[in-house]
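Protein sequence lines correspond, in order, to chains A and B.
Going by the numbering used here, the first residue of the first sequence is number 1, and it counts up by one from there.
Going by the numbering used here, the first residue of the second sequence is number 270, and it counts up by one from there.
Every residue gets a Cβ at the ideal spot worked out from N, C-alpha and C, and that includes glycine.
Just so it is clear, the structure is predicted and the values come from calculations on it, not from any experiment.
There are 2 protein chains.
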Amino acid sequence: MKLSPAQLEEFDREGYLFLPGVFSEEETALLRREAARVYGLDREEVWRESSGVPRTAFAAQSYSEPFRCLGLHPRLVEPVMQILDGPVYLHQYKVNAKAAFDGEVWQWHQDYGTWARDDEMPEPRAMNISVFLDEVTAANGPLIFIPRSHKQGVQAAGHDLETTSYPLWTLDRETVTRLAEAGGVVAPTGPAGSVLMFHCNLVHASPPNISPWGRTIVYLSLCHVDNHIRRFQRPEWVAHRDFTPIEPLADDCLSALAAAQESRGKEAS
Amino acid sequence: MKLSPAQLEEFDREGYLFLPGVFSEEETALLRREAARVYGLDREEVWRESSGVPRTAFAAQSYSEPFRCLGLHPRLVEPVMQILDGPVYLHQYKVNAKAAFDGEVWQWHQDYGTWARDDEMPEPRAMNISVFLDEVTAANGPLIFIPRSHKQGVQAAGHDLETTSYPLWTLDRETVTRLAEAGGVVAPTGPAGSVLMFHCNLVHASPPNISPWGRTIVYLSLCHVDNHIRRFQRPEWVAHRDFTPIEPLADDCLSALAAAQESRGKEAS
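Structural data, given as structure tokens:
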């Protein structure tokens with residue numbers, strides 16, 4: 001999957017790209033089943049909200065074959081290599097559940113703010129690419145971006161340890177208002193299988209999920225290999241330390257896995 | 270403004286109708302200015318959230334000329350008379366601010382649940398019609414409906430006095446999930462001047478406003494005159510006791526007011 005010159009230009013200008021329909025229903029169904037299994041695991045990488053419902057499975061590529069394939073998927077890795085202009089490694093991997101009724105707010109923040117402050121990542125030569133495993137709607141806590149805010153560099157931030165169950169460097173209201181007056185706010189919503197990629201300095205937030213259904217999004221944070229982190233303060237499964245360039249798998253890596261599961265299911269029944 | 274047979278059929282089936290572009294930019298701008306003025310008033314009808322920001326100006330038709338005109342506007346009153354099949358009176362009038370950053374969640378509820386329990390309104394022959402004074406987006410706490418849930422009658426509810434600053438009869442999670450499995454969830458979003466009308470038994474909620482801008486919606490709750498409330502437990506300015514049939518004003522009542530303000534502004538400058 002190659003981004004067009006128009007898409008590259010749009011990403012550079014707006015700070016994000018939304019691509020519906022990148023993964024098939026068969027591929028997303030496989031990942032949805034796997035997310036449910038992973039959230040049931042009793043592992044330190046699986047974080048829960050104050051209510052006990054799952055919030056994030058970190059580093060799921062290291063204990064799940066479908067999520068390993070997704071982390072090496074050419075439809076995710078190649079566009080990012082194109083934008084970051086070179087080989088990339090996996091800095092962070094999150095399977096984020098926004099649980100039905102209980103899924104919490106994420107306050108306004110920049111991801112690179114955390115990567116710079118906590119991990120000493122030298123430059124914003126890194127970005128997120130995400131896959132919707134469920135349809136994302138206005139009801140279930142979509143990501144909300146301030147377009148073009150990535151052009152303003154790293155903003156001052158406070159370390160929020162109170163609002164939710166995950167520590168986050170968050171922006172103050174004056175900053176958010178100033179940036180939004182210039183860029184507006186947008187909420188890309190769409191069906192399962194959509195891909196949303198955004199610059200690591202793009203300011204974003206997400207409201208709670210008040211719908212009766214969970215909503216899972218997988219995030220790969222990919223970083224140019226020359227730009228790897230210098231400080232190893234956070235656990236390895238939060239901020240990875242393997243800076244080997246990713247070699248993408250074949251395009252059918254997930255659909256082959258789904259087909260294999262299907263045929264095993266048929267044998268068993 | 271007359272609803273078409275197809276619109277009447279859609280309202281009956283889905284429980285709501287969304288009509289963008291009913292009021293002009295000139296008319297909504299007048300109402301936005303007036304909302305800002307009303308929220309600044311020190312009156313018992315103007316409720317605030319726990320943070321102190323305005324939440325609801327009740328009965329604004331009784332102390333504001335623009336909101337009086339809106340409450341008698343033919344584009345709002347006539348479609349409701351059509352649906353309720355007869356003369357209507359004004360049961361409740363709310364100018365609901367969802368304040369920037371602080372605007373609170375409304376939990377899942379039915380409006381008729383409150384009107385029946387608190388006000389002894391005999392039947393669900395009443396409904397809401399609302400006007401967006403600001404654009405409503407996924408970011409600023411849109412209304413979220415469960416389509417077709419109005420066909421299931423009044424649901425059991427608990428009196429929530431905790432979650433927010435306004436007491437509300439709210440539905441439990443099992444009920445919301447069951448209804449949403451059947452009808453789905455939708456969030457009608459659109460520009461200022463849009464009109465959203467919904468059945469008084471339609472189950473709905475709305476997430477917090479995490480955007481940096483306030484978002485105001487005016488709600489008229491209109492009731493068939495034969496179906497007026499029997500119990501006067503809540504203040505008169507929350508649940509009105511004047512059951513006189515509304516005589517709609519002329520269609521230009523708001524634009525004439527805006528033009529008059531405009532010419533006064535020119536004289537003054």
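Within 10 Å of its beta-carbon, does residue i have 16 or more other beta-carbons around it, so buried, or fewer, so exposed?
| i | result |
| --- | --- |
| Lys94 (chain A) | buried |
| Gln61 (chain A) | buried |
| His428 (chain B) | exposed |
| Glu27 (chain A) | buried |
| Leu41 (chain A) | exposed |
| Leu161 (chain A) | exposed |
| Lys535 (chain B) | exposed |
| Asp403 (chain B) | buried |
| Ser475 (chain B) | buried |
| Glu303 (chain B) | buried |
| Thr163 (chain A) | exposed |
| Ser194 (chain A) | buried |
| Ser263 (chain A) | exposed |
| Pro504 (chain B) | exposed |
| Arg75 (chain A) | buried |
| Ala239 (chain A) | buried |
| Glu314 (chain B) | buried |
| Ala385 (chain B) | buried |
| Ala99 (chain A) | buried |
| Ser149 (chain A) | buried |
| Ala527 (chain B) | buried |
| Ala187 (chain A) | buried |
| Ala157 (chain A) | buried |
Would you grab the beta carbon distance between residue i and residue j for me? Rounded to a whole angstrom, and I think it's under 8 Å.
| i | j | result |
| --- | --- | --- |
| Tyr112 (chain A) | Cys253 (chain A) | Their Cβ separation, rounded to whole angstroms, is 29 Å, which puts Tyr112 (chain A) and Cys253 (chain A) out of contact at 8 Å. |
| Ile144 (chain A) | Val185 (chain A) | 6 Å |
| Val38 (chain A) | Ala57 (chain A) | 5 Å |
| Ala126 (chain A) | Leu222 (chain A) | 6 Å |
| Gly141 (chain A) | Gly103 (chain A) | 5 Å |
| Ala407 (chain B) | Thr458 (chain B) | 6 Å |
| Glu168 (chain A) | Gln110 (chain A) | Per the sequence presented here, residue 168 (chain A) reads as Leu, with Glu not at that position. Between Gln110 (chain A) and Leu168 (chain A) the Cβ distance is about 10 Å, and since that is not below 8 Å, they are no contact. |
| Gly284 (chain B) | Leu465 (chain B) | Contact flag wrong, Cβ pair sits at about 11 Å. |
| Leu341 (chain B) | Leu518 (chain B) | 5 Å |
| Pro477 (chain B) | Val374 (chain B) | 5 Å |
| Ala366 (chain B) | Pro323 (chain B) | 5 Å |
| Leu300 (chain B) | Leu339 (chain B) | 6 Å |
| Phe370 (chain B) | Arg13 (chain A) | No, Phe370 (chain B) and Arg13 (chain A) are not in contact; Cβ-Cβ is about 27 Å, not under 8 Å. |
| His493 (chain B) | Leu353 (chain B) | 5 Å |
| Pro335 (chain B) | Met270 (chain B) | Rounded, the Cβ-Cβ distance is 19 Å, inconsistent with contact. |
Counting only Cβ pairs nearer than 8 Å, list the residues of chain D close to residue i.
| i | result |
| --- | --- |
| Thr189 (chain A) | The structure shown contains no chain D; its protein chains are A and B. |
Cβ contact (3+ pairs, closer than 8 Å) linking the segment 438-457 of chain B and the segment 209-225 of chain A: As far as the Cβ criterion goes, the segment 438-457 of chain B touches the segment 209-225 of chain A, which means the pair count is three or higher.
Residues from the segment 477-498 of chain B in contact with chain A, defined by Cβ distance under 7 Å: Near chain A, meaning a CB-to-CB distance below 7 Å, the residues of the segment 477-498 of chain B are Pro477, Ile479, Ser480, Pro481.
Near-chain B residues of the segment 194-206 of chain A - C-beta to any C-beta below 7 Å: Ala205: these are the residues of the segment 194-206 of chain A whose beta carbon lies less than 7 Å from some beta carbon of chain B, given in chain order.
Complete runs of the beta strand (DSSP E) confined to the segment 470-496 of chain B [at least 3 residues]: Listed in chain order, the complete beta strand (DSSP E) runs (minimum 3 residues) inside the segment 470-496 of chain B are 473-475, 484-493.
Sufficient close CB pairs (3 or more, under 8 Å) joining the segment 280-293 of chain B to the segment 60-78 of chain A: The answer is no - the segment 60-78 of chain A does not touch the segment 280-293 of chain B, with fewer than three Cβ pairs under 8 Å.
Stretch-stretch touch, CB-based, cutoff 8 Å, three pairs: the segment 216-235 of chain A with the segment 147-156 of chain A: These segments do not touch.
Entirely enclosed beta strand (DSSP E) segments - the segment 403-446 of chain B, minimum 3 residues: Fully enclosed beta strand (DSSP E) runs of 3 or longer: 427-429, 437-439.
At least three beta-carbon pairs within less than 8 Å, the segment 383-400 of chain B to the segment 498-516 of chain B: With the cut-off at 8 Å, the segment 383-400 of chain B and the segment 498-516 of chain B touch.
Every unbroken alpha helix (DSSP H) inside the segment 43-84 of chain A [4 residues or more]: DSSP assignment within the segment 43-84 of chain A yields the following whole alpha helix (DSSP H) runs of 4 residues or more, N-terminal first: 65-71, 74-84.
Residues in the segment 176-187 of chain A having any Cβ partner in chain B nearer than 7 Å: Within the segment 176-187 of chain A, the residues whose Cβ lies closer than 7 Å to some Cβ of chain B are Val176, Thr177, Ala180, Val185, Ala187, listed in chain order.
Chain B contacts made by the segment 138-168 of chain A, where a contact means CB separation under 7 Å: Identification of residues in the segment 138-168 of chain A having a C-beta nearer than 7 Å to some C-beta of chain B yields Ala138, Ala139, Pro142, Ile144, given in sequence order.
Cβ-based contacts, 8 Å cut-off: residues of the segment 30-42 of chain A near chain B: From the segment 30-42 of chain A, no residue has a Cβ closer than 8 Å to chain B.
Selection of the segment 362-394 of chain B by Cβ proximity to chain A, strictly under 7 Å: Of all residues in the segment 362-394 of chain B, Phe370, Val374 have a Cβ within less than 7 Å of some Cβ in chain A.
Inter-stretch contact at 8 Å, needing at least 3 Cβ pairs: the segment 70-89 of chain A / the segment 236-245 of chain A: Yes, the segment 70-89 of chain A touches the segment 236-245 of chain A.
Chain B contacts made by the segment 60-87 of chain A, where a contact means CB separation under 8 Å: Here the close residues number zero.
Alpha helix (DSSP H) runs wholly inside the segment 3-30 of chain A, at least 4 long, in chain order: Listed in chain order, they are 5-14.
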